[in-house]
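Asker:
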DNA sequence: TTACGAATCCGGACCGAGGTCCGCTTAATT
DNA sequence: AATTAAGCGGACCTCGGTCCGGATTCGTAA
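Residue numbers (the numbering used here), protein chains in the order written: chain A, 443 to 668; chain B, 443 to 668.
#1: What three-state label does DSSP hand residue 618 of chain B in the structure shown?
#2: Return no unless some Cβ of chain B is closer than 7 Å to the Cβ of residue 606 of chain A.
#3: For a quick check, are the C-beta atoms of residue 669 of chain B and residue 540 of chain A less than 7 Å apart?
#4: Interface residues of chain B around residue 661 of chain A at Cβ under 7 Å?
#5: Under 7 Å, Cβ to Cβ, is there at least one residue of chain B near residue 585 of chain A?
#6: Please go through the same chain and pick out, in chain order, the residues whose beta-carbon is closer than 6 Å to the beta-carbon of residue 468 of chain B, but skip the five residues on each side of it.
#7: Please report the distance separating the alpha-carbon of residue 578 of chain B from that of residue 525 of chain A.
#8: Using a C-beta to C-beta distance shorter than 7 Å, which residues of chain A count as neighbours of residue 653 of chain B?
#9: Quick one: any contact between the stretch 622-632 of chain A and the stretch 552-561 of chain A, if contact means 3 or more CB pairs under 8 Å?
#10: What's the gap between the Cα of residue 586 of chain A and the Cα of residue 599 of chain A?
#11: Give the straight-line distance between the Cα atoms of residue 588 of chain B and residue 538 of chain B, rounded to the nearest whole angstrom.
#12: Below 8 Å, can you find three or more Cβ-Cβ pairs linking the stretch 648-667 of chain B to the stretch 607-623 of chain B?
#13: DSSP on residue 587 of chain B, reduced to helix/strand/coil?
#14: What is the residue span of the alpha helix (DSSP H) that residue 597 of chain A lies within?
#15: Please list, in chain order, the residues of the stretch 623-634 of chain B that have any C-beta partner in chain A closer than 8 Å.
#16: On the DSSP letters alone, give me the boundaries of the alpha helix (DSSP H) that residue 551 of chain B sits inside.
#17: Determine, using beta carbons only, whether residue 530 of chain A comes closer than 7 Å to chain B.
#18: Quick one: is residue 458 of chain B buried, meaning 16 or more other Cβ sit within 10 Å of its Cβ, or exposed?
#19: With DSSP run on the structure shown, which of helix, strand or coil describes residue 560 of chain B?
#20: State the start and end residues of the unbroken alpha helix (DSSP H) segment that holds residue 522 of chain B.
#21: Between the C-alpha atoms of residue 497 of chain A and residue 509 of chain A, what's the straight-line distance to the nearest angstrom?
#22: Against chain B, with Cβ distances strictly below 7 Å, would residue 588 of chain A count as a contact?
#23: Could you have a look at residue 516 of chain B and say whether DSSP puts it in helix, strand or coil?
#24: Give the DSSP-derived three-state secondary structure of residue 580 of chain B in the structure shown.
#25: Within 10 angstroms of the Cβ of residue 513 of chain B, are there 16 or more other Cβ atoms? Answer buried if so, exposed if not.
#26: Is there a Cβ from chain B that is less than 7 Å from the Cβ of residue 599 of chain A?
#27: Quick check on DSSP: helix, strand or coil for residue 645 of chain A?
#28: What do you reckon, are the CB atoms on residue 482 of chain A and residue 516 of chain A nearer than 7 Å?
#29: Counting only beta-carbon separations shorter than 7 Å, does residue 502 of chain B have a partner in chain A?
#30: What residue from A:568, A:547, A:580 and A:542 has the CA that sits closest to residue 499 of chain A's CA?
#31: Taking only three categories from DSSP, how would you classify residue 612 of chain A?
#32: Among the candidates B:584, B:506 and B:654, whose CA atom is the shortest distance from the CA of residue 628 of chain B?
#33: Looking only at its own chain, which residues have a Cβ that is under 8 Å from the Cβ of residue 647 of chain B, when we skip the five neighbours before and after it?
#34: Please report the Cβ distance between residue 752 of chain A and residue 658 of chain A, rounded to the nearest whole angstrom; I am assuming they are in contact, meaning their Cβ atoms lie under 8 Å.
#35: Would a C-beta distance cut-off of 7 Å place residue 571 of chain B and residue 651 of chain B closer than the cut-off?
#36: Give a yes or no on whether 7 Å exceeds the smallest Cβ distance from residue 594 of chain A to chain B.
What follows is the structure in structure tokens.
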């Protein structure tokens, strides 16, 4: 499983799902994993680094993923790690890359209700549940990969999620401020929040799931006729 | 203004607002600023540290607030800073303490619509707007004071806000899962989100404000009769 | 008021980890 | 083979956080 994680990041761009009828053109589904073409040694080192990082996580948890440790485990210089991934957050996000793309493929081109074909509200409900459980599975990594507050909402994977929610909302509530509503809905799915509610407050996932469905209902309920 | 910030933190506990009729007993409004009584030298150093930190912010921005710099500016050992505030986040939160307490006093015992006396929905609307503008004013500090994801929702000031929202919600929608709704509403007011929307997306505060009111409406709108 | 003991606090040396830098090496190109 | 752009590595810096021997403060009792 972790193998898939780092292997995927070495593969060419990303198998574009057959263009779904309502896929927004502005949503760049596959920002080339890296600068179009990596020099041979660079690509090799990148793969080794991701593999090493995954191994370290498996053995010592996310906390064990030190930039120096990763470099050492990959038998590579420290500078190389930073050159490739920018910073620790970048490395951890690269580890999540595979799962991000999978999710993205699912809601852009997968089967309903997540994918196109189902009514927008159903897709929205399914989307939240999917994100919820995905985050719950990789909570530690997701938390560790969270960038500093200033960049939290600016990274590509998050933007993709938000764009998708926005698009669905526009189909449901065209009159509303869909950007803001999307932001709100997305905030409900924040890994940090999930962590707090489940691990610190002891809520079961079922309750979070119900909460999402309820929230979607409330948010997409148009002004009752009067 | 910044003077008030650190001065307040030296003052005794906190002037309890006259007990409002609906103040939740569980909400500890004034967690004694520190262990009840500080040794004379400790208190003095604490004040000097907060003063030094405020000065550094004024001169070099939040980024200039290095633990060593603060210690040096306060003419105090580095260990003292950590002993008193735990970590950098603790120091920055202490700087926000005054404003936190002010806000808390306002919505617990101040005049309506923020304080008790107005209908819960109005209080909720006013609450959001107040938090919104307060965060906008101190954005840099708020962002810097944000603890790592694992503790983001666990610190006292945030808990106080959430408790208040929860209480208001319970008066409005007793049947709903008010904890989760409160969490969602609170997320809308997250400084990181405000930062992203205003500074990175260029939204004017008026739009955020309208978004809050709209969100409250949607969330508190009971199931339309059918 | 002074003496004294103990709890508290102070300070700065020390450590680890993230991030930068720059001279050297290596892969692609012609 | 020569040229050049990209990559590499590890020394180096900064900063947050820890630790512990020594100094201060404060309650208590003479």
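Built from N, CA and C at the ideal position, the CB exists for glycine as well. Everything numeric in this text was worked out from a predicted model, so none of it was measured.
Answerer: The short version:
#1: Counting from one through the second chain, the residue named residue 618 of chain B turns up at place 176. Residue 618 of chain B falls in the coil class under three-state DSSP.
#2: Taking the first residue of the first chain as 1, we reach residue 606 of chain A at position 164. With 7 Å as the cut-off, residue 606 of chain A does not count as an interface residue toward chain B.
#3: There is simply no residue 669 of chain B to check, as chain B begins at 443 and stops at 668 in what is shown.
#4: Numbered from 1 along the first chain, position 219 holds the residue referred to as residue 661 of chain A. For a Cβ distance threshold of 7 Å, residue set 660 of chain B lies close to residue 661 of chain A, ordered along the chain.
#5: Here residue 585 of chain A refers to the residue found at position 143 when the first chain is read from its first residue. With 7 Å as the cut-off, residue 585 of chain A counts as an interface residue toward chain B.
#6: Your numbering for residue 468 of chain B matches position 26 in the second chain. Note that residue 468 of chain B has pLDDT 36, beneath the 50 cutoff, so the model's placement of it is unreliable and the number below is only indicative. Answer for residue 468 of chain B: no residue qualifies.
#7: Translated into positions along the second chain, residue 578 of chain B becomes position 136. Translated into positions along the first chain, residue 525 of chain A becomes position 83. Between residue 578 of chain B and residue 525 of chain A, the C-alpha separation is close to 35 Å.
#8: Walking along the second chain from the start, residue 653 of chain B turns up at place 211. For residue 653 of chain B, the neighbours in chain A by C-beta distance under 7 Å run, in chain order, 619 and 622.
#9: A contact between stretches requires three or more CB pairs, one per stretch, nearer than 8 Å, and the stretch 622-632 of chain A fails this requirement with the stretch 552-561 of chain A.
#10: Residue mapping note: residue 586 of chain A aligns to position 144 of the first chain, counting from 1. Residue mapping note: residue 599 of chain A aligns to position 157 of the first chain, counting from 1. Counting only the Cα atoms, residue 599 of chain A lies some 15 Å from residue 586 of chain A.
#11: Looking up residue 588 of chain B in the second chain gives position 146. Looking up residue 538 of chain B in the second chain gives position 96. Straight-line measurement puts the Cα of residue 538 of chain B at about 11 Å from the Cα of residue 588 of chain B.
#12: Contact holds: three or more Cβ-Cβ distances are below 8 Å.
#13: Locating residue 587 of chain B in the second chain gives position 145, counting from the first residue. Secondary structure of residue 587 of chain B (DSSP, three-state): coil.
#14: As a first step, residue 597 of chain A must be located in the first chain, where it is residue number 155. From DSSP, residue 597 of chain A is part of no alpha helix (DSSP H); its letter is neither H nor E.
#15: The residues in question are 623, 625, 626, 629, 630, 632, 633 and 634.
#16: Here the question's residue 551 of chain B lines up with position 109 in the second chain. Counting along the chain, the alpha helix (DSSP H) containing residue 551 of chain B begins and ends at 530-551.
#17: The residue labelled residue 530 of chain A in the question sits at position 88 within the first chain. Output row for residue 530 of chain A: interface = no.
#18: Along the second chain, one-based indexing puts residue 458 of chain B at 16. Only weak support is given to the placement of residue 458 of chain B: the predicted model assigns it a pLDDT of 27, under 50, and the value that follows is read from those uncertain coordinates. Of the residues assessed, residue 458 of chain B falls on the exposed side of the cut-off, its CB having fewer than 16 other CB atoms within 10 angstroms.
#19: Residue mapping note: residue 560 of chain B aligns to position 118 of the second chain, counting from 1. In the three-state reduction of the DSSP assignment, residue 560 of chain B falls in the strand class, which pools E and B.
#20: Sequence index remark: in the second chain, residue 522 of chain B carries index 80 (1-based). Counting along the chain, residue 522 of chain B sits inside the alpha helix (DSSP H) bounded by residues 520-527.
#21: Working through the first chain from its first residue, we reach residue 497 of chain A at position 55. Working through the first chain from its first residue, we reach residue 509 of chain A at position 67. When only Cα atoms are considered, residue 497 of chain A and residue 509 of chain A end up about 13 Å apart.
#22: To locate residue 588 of chain A, count along the first chain from 1; it is residue 146. With 7 Å as the cut-off, residue 588 of chain A counts as an interface residue toward chain B.
#23: Your numbering for residue 516 of chain B matches position 74 in the second chain. In the structure shown, residue 516 of chain B sits in coil (DSSP, three-state: anything other than H, G, I, E or B).
#24: Here residue 580 of chain B is taken as the residue at index 138 of the second chain, counted from 1. In the structure shown, residue 580 of chain B sits in coil (DSSP, three-state: anything other than H, G, I, E or B).
#25: Along the second chain, read from residue 1 onward, the residue named residue 513 of chain B stands at position 71. Looking at its Cβ environment, which holds 16 or more other Cβ atoms inside 10 Å, residue 513 of chain B is buried.
#26: Translated into the one-based positions of the first chain, residue 599 of chain A becomes position 157. So no, residue 599 of chain A is outside the interface.
#27: The sequence position of residue 645 of chain A within the first chain is 203, counting from 1. Reduced to three states, the DSSP call for residue 645 of chain A is coil.
#28: Residue mapping note: residue 482 of chain A aligns to position 40 of the first chain, counting from 1. Residue mapping note: residue 516 of chain A aligns to position 74 of the first chain, counting from 1. Inclusion of residue 482 of chain A and residue 516 of chain A in the CB contact set at 7 Å is not warranted, their separation being larger than that value.
#29: Taking the first residue of the second chain as position 1, residue 502 of chain B is located at position 60. Answer no: the Cβ-Cβ gap between residue 502 of chain B and chain A never drops below 7 Å.
#30: Within the first chain, residue 499 of chain A is the residue found at index 57, counting from 1. Selected option, being the one with the closest Cα: A:580.
#31: Indexing the first chain from 1 puts residue 612 of chain A at position 170. DSSP places residue 612 of chain A in helix when its eight states are reduced to three.
#32: Stepping through the second chain from its first residue, residue 628 of chain B is reached at position 186. When only C-alpha atoms are compared, the closest one is B:654.
#33: Position 205 of the second chain, counted from the first residue, corresponds to residue 647 of chain B. Answer for residue 647 of chain B: 574, 575, 578 and 640, listed in chain order.
#34: With chain A covering only 443 through 668, there is no way to say anything about residue 752 of chain A.
#35: Residue 571 of chain B sits at position 129 when you count from the first residue of the second chain. Residue 651 of chain B sits at position 209 when you count from the first residue of the second chain. Taking 7 Å as the cut-off, the beta carbon of residue 571 of chain B is found closer than this to the beta carbon of residue 651 of chain B.
#36: Taking the first chain and counting its residues from 1, the one referred to as residue 594 of chain A is at position 152. Closer than 7 Å: yes.
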